[in-house]
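**Q** Residue numbers (this note's numbering): 118 to 276.
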Amino acid sequence: MPFTPLHLGLGASCKAIAHQQFSFMIFAGTQVLMDLEPLFGMILGWNTLHLYTHHLLGALLIGCIAIVIGKPISEFTLRVIFKESNWQISWKTAMLSAFIGSFSHLFLDALMHTDMYPFFPLNQTQILATLVPYSFIFYGCLVGLAIGGIGFLVRRDES
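(1) Note the first and the last residue of the continuous alpha helix (DSSP H) segment covering P189.
(2) Rounded to whole angstroms, what's the CA-CA distance from L156 to L223? Just pull it up for me.
(3) Touch check for the stretch 167 to 175 and the stretch 208 to 218: three-plus C-beta pairs under 8 Å?
(4) Does DSSP put W106 in a helix, a strand or coil?
(5) Does the structure place the stretch 134 to 154 close enough to the stretch 186 to 195 that three or more beta carbon pairs sit under 8 Å?
(6) Just mark T170 as buried or exposed, buried being the case when its beta carbon has 16 or more other beta carbons within 10 Å.
Set out below in structure tokens:
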């Protein structure tokens, strides 16, 4: 993806479906962590933008980091900023949200970027790139964001 916002469509849909069993904040934070390497690469002029974080082991590591830092940051944000005093994010929810975030990011980017090797170090070929047209991925993420937004509004009206 060009940058993190398009990845949020899947997270919004997951939040609409799983509600309290999914943390959109941890998912979104995971997207940012995944895209730090390409961001630095663009700033510093690297030839390869998706090398270390955009393969299975990198996504696993980013997911683990997102769990450890995402749970306390998200709970703090919910309590202090959103005044949700009773809201707790379980470790199971944190794990699910972070790993869905990192591995979905890996998969979506693998469909688009030719400079990443999702199965590195086992395989150094990019077999998924250009398998699906970019427009399908782009609009699919936007539809997911719309579905998630509608789900959020429906759930908000229920409570």
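By construction, the Cβ of each residue, glycine as well, lies at the ideal position given by its N, Cα and C atoms.
**A** Per the coordinate set shown:
(1) Against the sequence shown, residue 189 aligns to sequence position 72. Its alpha helix (DSSP H) spans residues L173 to F193.
(2) Translated into positions along the sequence shown, residue 156 becomes position 39. Translated into positions along the sequence shown, residue 223 becomes position 106. When the Cα atoms are used, L156 and L223 turn out to be separated by approximately 15 Å.
(3) As far as the Cβ criterion goes, the stretch 167 to 175 does not touch the stretch 208 to 218, which means the pair count is below three.
(4) Summary: the structure shown does not reach residue 106, with the chain confined to residues 118 through 276, and so no result is reported for it.
(5) Counting Cβ pairs under 8 Å, three or more are found: they touch.
(6) Within the sequence shown, the letter at position 53 stands for residue 170. T170 should be labelled buried.
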